[in-house]
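S.K.: Numbering (this note's numbering), first residue to last: -9 to 72.
Attaching a single structure in structure tokens format; questions to follow.
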């Protein structure tokens, strides 16, 4: 379990295919098992990003609705970080 907050990628207000690329880029900079929190306003991307992330070998640990959109907790694929 991580002792600090995961890095945050704030994509609120965006609604283009570039969002998937930005998430992939952010995840690729993490060690296997590390977490990334992504903030979104688009319900479509809150639904589609977990699928895209899983297909790339990473994981979606959860998605919750916030007062300003959605928060996704993602994890880089591979074995968990120590």
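All residues carry an ideal CB built from backbone N, CA and C; glycine is no exception.
Taking just the CA atoms, how far does residue 64 sit from residue 55?
M.R.: On the chain shown, position 65 is the one that residue 55 refers to. On the chain shown, position 74 is the one that residue 64 refers to. Straight-line Cα distance between these residues: approximately 15 Å.
S.K.: Can you tell me where the beta strand (DSSP E) with residue 38 in it begins and where it stops?
M.R.: In the chain shown, the residue the question calls residue 38 occupies position 48. First-last for residue 38: 33 to 45, but that is the alpha helix (DSSP H), not the beta strand (DSSP E).
S.K.: If residue -2 sits next to residue 35, beta carbons under 8 Å apart, how far is it from one beta carbon to the other, in whole angstroms?
M.R.: Taking the first residue of the chain shown as 1, we reach residue -2 at position 8. Taking the first residue of the chain shown as 1, we reach residue 35 at position 45. With a Cβ gap of about 16 Å, residue -2 and residue 35 do not count as contacting.
S.K.: Is it right to say residue 0 is buried, meaning 16 or more other beta carbons lie within 10 angstroms of its own, or is it exposed?
M.R.: For the purposes of this step, residue 0 is taken as residue 10 along the chain shown, with counting starting at 1. Exposed, because fewer than 16 other Cβ atoms sit within 10 Å of the Cβ of residue 0.
S.K.: Kindly indicate the opening and closing residues of the beta strand (DSSP E) around residue 61.
M.R.: Numbered from its first residue, the chain shown carries residue 61 at position 71. Segment 59 to 65, the beta strand (DSSP E) holding residue 61.
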